[in-house]
Amino acid sequence: MPEKVSKKRKTKVENEEKKETYSKRLRKKMIKTKEEETLEDTRLHGSNHGNGDNDKIDPIDQPLDTNTINDRIGSHGDIETVDKALLQFKCEPKLHGYTPLAYRSQNLVHFLQQYTSGQKRTVKLKQSLTSTVVNMISDLQLCRNASPFDRRVTTMEWHPTNPNILAVGSKGGDIMLWDTANVNNDKMIQGIGAGGNIQAIKFWPNDSNKILASALDGRVTLHDVEGRQSNVLADSYNFYDFWYCSVDVNDKRKMVVAGDNVGNTQLMTYEGKQIFNCRLHKQKVTHAEFSPREEWLLCTSSTDQTVQFWDVRMMKDRKSSLYSLKHDKGINSGKTLYIETGKRTKGNQVRVYRAPDWVLERKISHPHRFFQHITPIKATWHPLQDLAVIGRYPDPKFPGYHAGELRSIDILDVETGDLVTSLSDPSSSGLVCVNKFNRRGDTLASGMGVHILLWTRKEEVAERQKSLLPAMQSYLDNSSHSNQSSRRPRQPKSKETKPKEKTNTKTDKEKLKLKIKNSKK
19 MPEKVSKKRK TKVENEEKKE TYSKRLRKKM IKTKEEETLE DTRLHGSNHG
69 NGDNDKIDPI DQPLDTNTIN DRIGSHGDIE TVDKALLQFK CEPKLHGYTP
119 LAYRSQNLVH FLQQYTSGQK RTVKLKQSLT STVVNMISDL QLCRNASPFD
169 RRVTTMEWHP TNPNILAVGS KGGDIMLWDT ANVNNDKMIQ GIGAGGNIQA
219 IKFWPNDSNK ILASALDGRV TLHDVEGRQS NVLADSYNFY DFWYCSVDVN
269 DKRKMVVAGD NVGNTQLMTY EGKQIFNCRL HKQKVTHAEF SPREEWLLCT
319 SSTDQTVQFW DVRMMKDRKS SLYSLKHDKG INSGKTLYIE TGKRTKGNQV
369 RVYRAPDWVL ERKISHPHRF FQHITPIKAT WHPLQDLAVI GRYPDPKFPG
419 YHAGELRSID ILDVETGDLV TSLSDPSSSG LVCVNKFNRR GDTLASGMGV
469 HILLWTRKEE VAERQKSLLP AMQSYLDNSS HSNQSSRRPR QPKSKETKPK
519 EKTNTKTDKE KLKLKIKNSK K
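Be aware that the sequence shown starts at 19, since it is given in the working numbering, and climbs by one per residue.
Quick look at the structure:
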């Protein structure tokens with residue numbers, strides 16, 4: 019019997035020791051967690067604790083003493099009391115909120131992965147696409163420049179199918195067909211010089227060797243870069259008073275539109291036969307363009323502070339316009355792109371409208387002032403996203419101006435009105451008035467005075483320069499050799515052409531007198 023009692027007592031003592039060890043272990047854990055919390059609070063909010071009343075600590079945040087824990091749990095508390103104590107003291111570890119990278123990222127790949135798995139995303143697909151294009155534009159660098167004209171660049175247009183061919187017009191009437199991928203493939207159409215200002219150019223559909231241009235000489239001309247005879251589609255016959263300022267071609271309707279300096283808009287066939295002619299604006303038509311989606315929709319802008327939309331199937335007079343958008347100042351361009359249209363005015367402002375009701379969505383303030391000795395700064399679209407491309411002309415009176423502001427090329431997001439990125443180069447710090455992206459959206463051409471700038475991605479800059487340097491070197495060598503061979507060899511002057519030196523000797527004077535007497539006889 020005594021052996022059995024001793025065994026029972028031993029088991030009771032062992033159970034009590036186990037309970038005590040568990041409670042002790044729990045007390046240590048609770049004290050440790052509270053100490054860690056107080057240390058973290060002092061680290062985060064240590065600057066808020068000062069002298070005076072701020073030194074008082076909230077009783078909830080005070081660390082627990084061993085006595086209070088023993089009172090609550092008991093030195094030999096069972097598991098149920100321990101669980102209640104855990105809930106009362108809230109000693110569970112804090113879980114800080116964490117959002118996975120795929121949810122926080124605006125990367126297009128992450129978005130598509132979440133979209134295919136059926137999970138919701140707060141970032142829109144359009145924002146992801148825009149960020150991708152903005153990153154591509156930010157990597158652009160100055161690759162090439164050319165100065166083929168003696169007067170400033172006025173307009174430029176990329177080839178509709180070949181992303182390496184660029185047509186550029188100048189104030190002197192010259193037109194250059196620039197092959198950005200080659201050196202020896204450039205073509206030039208000589209202008210008339212003063213008074214031959216090229217106002218607008220377009221590539222002729224289905225024939226890349228023909229360029230349609232409207233100029234200050236009062237003509238709309240179809241030029242042929244191969245040297246064949248040009249075709250005049252429209253002529254004012256009085257270029258001192260009337261000249262054409264804008265032109266565009268519609269391949270689906272086989273139609274050409276041209277606007278002049280007094281507000282007339284003229285529609286004609288490919289052969290130059292007049293279809294419609296009416297004064298739709300009160301002043302100069304600065305821009306005329308067919309919509310790339312609806313071939314019947316025509317957009318015209320003018321310095322009479324209006325942008326108007328027309329249906330070419332129902333054009334009769336000024337009252338037949340579909341929409342008329344009024345502005346505070348004259349407009350330099352009205353570019354249409356699918357469902358949105360951006361208008362650039364002369365009052366340091368870019369306006370964005372949305373079709374089909376042409377509601378004003380946003381006004382974007384941007385410094386691009388104008389005076390008569392520079393090419394008017396026009397905003398153009400990026401071909402892939404709703405991004406406006408426009409040159410910056412710093413104005414000390416513009417809000418936010420700072421000293422040393424660069425004359426950069428700004429990229430504006432028309433959805434938010436923010437400046438997303440800008441391009442500039444220390445070697446080309448002039449005023450960039452004309453900017454145009456090619457159809458792929460990876461190459462930008464800019465006009466800076468008489469210079470043409472070409473911007474490409476960093477990866478392509480080194481490759482293009484490696485391929486162009488040998489070609490340029492051979493071209494320069496050939497040109498120098500041809501110049502040397504074309505020069506005439508220097509011939510010594512004959513004795514008869516040499517001037518006779520004057521002599522004051524008596525013998526020379528006597529000889530002259532004898533010659534004169536003989537001639538008289």
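In this text, a Cβ means the ideal position worked out from N, Cα and C, and glycines have one as well.
CB-CB length for residue i against residue j, believed under 8 Å
| i | j | result |
| --- | --- | --- |
| D431 | L402 | At roughly 13 Å, the Cβ-Cβ gap does not stay under 8 Å, so D431 and L402 are not in contact. |
| A231 | I210 | A231 to I210, Cβ: 12 Å. No contact. |
| T6 | S342 | In the structure displayed, the chain extends from 19 to 539; residue 6 sits before or after that span and is not available. |
| L315 | V275 | That pair is no contact at about 12 Å. |
| P223 | D266 | Their Cβ separation, rounded to whole angstroms, is 11 Å, which puts P223 and D266 out of contact at 8 Å. |
| D460 | M154 | 7 Å |
| M333 | F294 | 6 Å |
| W261 | D235 | 7 Å |
| V186 | W196 | 6 Å |
| I392 | L449 | 6 Å |
Close Cβ partners of residue i (< 8 Å) along its chain, the five nearest in sequence each way excluded
| i | result |
| --- | --- |
| I382 | Q367, V368, R369, V370, A406, L430, V432 and G435 |
| V468 | S165, F167, D168, R169, R170, V171 and S188 |
| S446 | L160, N163, M466, H469 and L471 |
| I408 | R362, V368, H384, H386, I395, K396, A397, T398, I427, D428, L430 and N453 |
| R331 | W314 |
| I78 | Bear in mind that the predicted position of I78 carries a pLDDT of just 46, short of 50, making it unreliable; the figure below should be weighed with that in mind. Excluding residues within five positions, none has a Cβ falling inside 8 Å. |
Own chain, CB closer than 6 Å to residue i, minus 5 neighbours either side, in chain order
| i | result |
| --- | --- |
| R162 | L472 |
| D443 | L160 |
| K74 | Note on K74: pLDDT 46, under 50, position unreliable in the model; the coordinate value appears next. None. |
| V250 | R237 and T239 |
| A218 | T173, S232, S264 and V265 |
| Q326 | T318, S339 and S342 |
| K228 | W222, L240 and D242 |
Residue burial classification, residue i (beta-carbon count within 10 angstroms, cutoff 16)
| i | result |
| --- | --- |
| K144 | exposed |
| G422 | exposed |
| T287 | exposed |
| G277 | buried |
| N279 | buried |
| T515 | Unreliable positioning characterises T515 in this predicted model, as indicated by a pLDDT of 41, which lies under 50. A coordinate reading is not provided. |
| K396 | buried |
| G418 | exposed |
| K50 | exposed |
| K291 | exposed |
| N453 | buried |
| E307 | buried |
| A463 | buried |
| M194 | buried |
| N501 | Bear in mind that the predicted position of N501 carries a pLDDT of just 49, short of 50, making it unreliable; the figure below should be weighed with that in mind. Label assigned to N501: exposed. |
| V127 | exposed |
| P385 | buried |
| S135 | exposed |
| H420 | exposed |
| N66 | Its pLDDT being 47, under 50, N66 is placed unreliably by the model, and the measurement read from it follows with that caveat. The residue in question, N66, is exposed, as its Cβ has fewer than 16 Cβ neighbours within 10 Å. |
| K344 | exposed |
| K415 | exposed |
| R246 | exposed |
| Y411 | buried |
| L184 | buried |
| A252 | buried |
| Q284 | buried |
Identified DSSP bridge partners for residue i
| i | result |
| --- | --- |
| I382 | V368 |
| Q159 | T474 |
| M194 | V186 and M206 |
| M174 | V186 |
| I408 | D428 |
| Q547 | Residue 547 falls outside the range modelled here, since the chain spans only 19 to 539, and no answer is possible. |
| V377 | R372 |
| A397 | In DSSP, A397 forms no bridge with anything. |
Cutoff 7 Å; reference residue i; Cβ partners in own chain excluding five residues on either side
| i | result |
| --- | --- |
| Q208 | D192 |
| V377 | Y371 |
| S320 | G281, H299, Q301, K302, V303, T304 and I349 |
| K476 | D157 and Q159 |
| G213 | L234 and D235 |
| S571 | For residue 571 there is no data in the structure shown, the boundaries of the chain being 19 and 539. |
The ligand ZN heavy atom lying under 6 Å from the CB of residue i
| i | result |
| --- | --- |
| K454 | Within the structure as shown, the ligand ZN is missing, as the structure has no ligands at all. |
Contact with chain B by residue i, beta-carbon distance below 7 Å
| i | result |
| --- | --- |
| W261 | In the structure shown, chain B does not exist; there is a single protein chain. |
(request) Run through the region 411-489 for me and flag every whole beta strand (DSSP E) of 3 or more residues, listed as ranges in chain order. (result) The qualifying runs are 427-431, 436-441, 452-455, 462-466 and 469-475.
(message) Quick check on the DSSP output: what are the complete beta strand (DSSP E) runs of length 3 or more inside the region 200-246, in order along the chain?
(response) Counting whole runs of 3 or more residues, the region 200-246 contains the beta strand (DSSP E) stretches 205-207, 216-221, 228-233 and 237-242.
(request) Please specify which runs of the beta strand (DSSP E), each continuous and at least 3 residues long, are wholly inside the region 247-314, giving them in chain order. (result) For the region 247-314, the full-length beta strand (DSSP E) segments reaching 3 residues or more read 249-253, 262-268, 273-278, 282-287, 292-297 and 303-308 along the chain.
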